[in-house]
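For reference, the structure discussed in these notes is given below.
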Amino acid sequence: MKILITGGAGYIGSTVASASEDAGHDVVILDDFSTGRREFLRGRTSYEGDIADEALLARIFTEHRIDAVVHCAARIVVPESVADPLGYYENNVSKTVTLLQALERHGVGRFLFSSSASIYAPDEQFVVTEESPLAPGSPYARTKYVVELILEDFTKASDVRVLSLRYFNPIGTDPQLRSGQQLEKPTHVLAKLLEAWSNKETFTVTGVDWPTRDGSGIRDFIHVWDLARAHVAALEGFDAATAERPYEVFNIGTGNGVTVKELAASFEQITGDPLAVQFGPPRPGDVAGVYTVSSKAKDVLGWEAQLSELDAVRDAIAWLPKRKEMLGY
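Numbering (UniProt numbering), first residue to last: 1 to 329.
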């Protein structure tokens, strides 16, 4: 299978590319390199540009017989989306529509969408399935929700079939250290733990008044390699998964809820170093969080998570010297 990965030089996209190649598939990368890294291309066929560049899309689909598109390109920082909602709607929604129009014109019938578990409305137990109510809590999350609505409508009016993978909270790195978290100042929780530990600074738990077991936010932390494997399983099982309905969604998580305080404790366990911790208010757009209890991905795609948050912490720590060697910081 030949796969076009938008955002394929980013953290998740590059890991999906490695997993796809490991499984014997060919990949083509489209990235504007606003956050992606050329060092992650690893000799892959690549195109630099915007996902809404119609001429570039026509060139890609003409030069390659693309069997499926994996759409990872998006802006993803929740507080930034609160400050710039129109920018997020333009980038994540409007440009995706242009990409879909190109797919239809060029007869590409499989579209795998990077969605988000942030669109869920948590219940009192913070557990969700694919059938749970949706209530996205930030402009970022709403862009994912809006695109899902568009995709479902699009499949009813075209020959394109879609699988939406609702990610939970990716952490860790490719265990072979071929790529990893590339941002110098990332905002997700494990990156902030690594930053505090590396610089011997204090780690701030943002939000300690949530109605969780210890007051901190609860997350389903999934190893990014398991997430990449889920994409491969979805691509290889795509036709069977869409045999009855052209649009399906899958939760991609571990099934275990871990609080931010518990992740910090696991980090201390792995490093053996005491960690200075302080408490602060939640960031704009933050929510208490959810984790999945669904087995749909296992039942339909034959996929389930194999790695724990401890594995993710170990791999993320191993990535630090490799990142400095590869990226210079």
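Think of the CB as a built atom: it goes at the ideal place given N, C-alpha and C, for glycine as much as any other residue.
Report the residue ranges of all alpha helix (DSSP H) runs contained in full by the segment 101-174; include only those spanning at least 4 residues, in chain order.
-> 139-157
Where G7 falls, given that 16 or more other Cβ within 10 Å makes a residue buried | buried
Do R219 and V162 have their C-beta atoms within less than 8 Å of each other?
-> no
For I252, which residues does DSSP report across the bridge?
-> Y167
Going by Cα to Cα distance, which pick from E21, R37, I76 and L4 is closest to V28?
-> L4
Of the choices A234, G280 and S308, whose alpha-carbon is the least far from that of G215?
-> G280
Pick out the complete alpha helix (DSSP H) segments inside the segment 28-112, 4 residues or longer, and give them in chain order.
-> 54-63, 78-83, 85-88 and 95-105
Please determine, among L227, N256, S308 and F61, the residue with the shortest C-alpha to C-alpha distance to S164.
-> L227
Residue range of the alpha helix (DSSP H) that includes K261 | V260 to T271
When the Cβ atoms of the segment 165-183 are set against those of the segment 31-51, are three or more pairs found closer than 8 Å?
-> yes
Look at the Cβ atom of H64, then the Cβ atom of F111, and state whether they are nearer than 8 Å.
-> no
Supposed contact pair T173 and D315 - C-beta distance, whole angstroms, cut 8 Å = 5 Å
Could you work out which residue in G207, L190, G255 and L327 is closest to E268 when comparing CA atoms only?
-> L190
Proximity to V82 [Cα-Cα], best of T143, V128 and S46 | T143
Beta-carbon proximity list for T129, same chain, < 8 Å, skipping 5 on both sides = N251, T292, V293, S294 and K296
Per DSSP, which residues does I5 bridge with? Please list them.
-> I29 and V70
Straight-line CA distance for E43 to I51?
-> A quick correction: the sequence has Gly, not Glu, at residue 43. About 21 Å.
Output the distance between the C-alpha atoms of K261 and S116, rounded to the nearest integer angstrom.
-> 22 Å
Mind checking whether P170 and I222 have CB atoms under 8 Å apart?
-> yes
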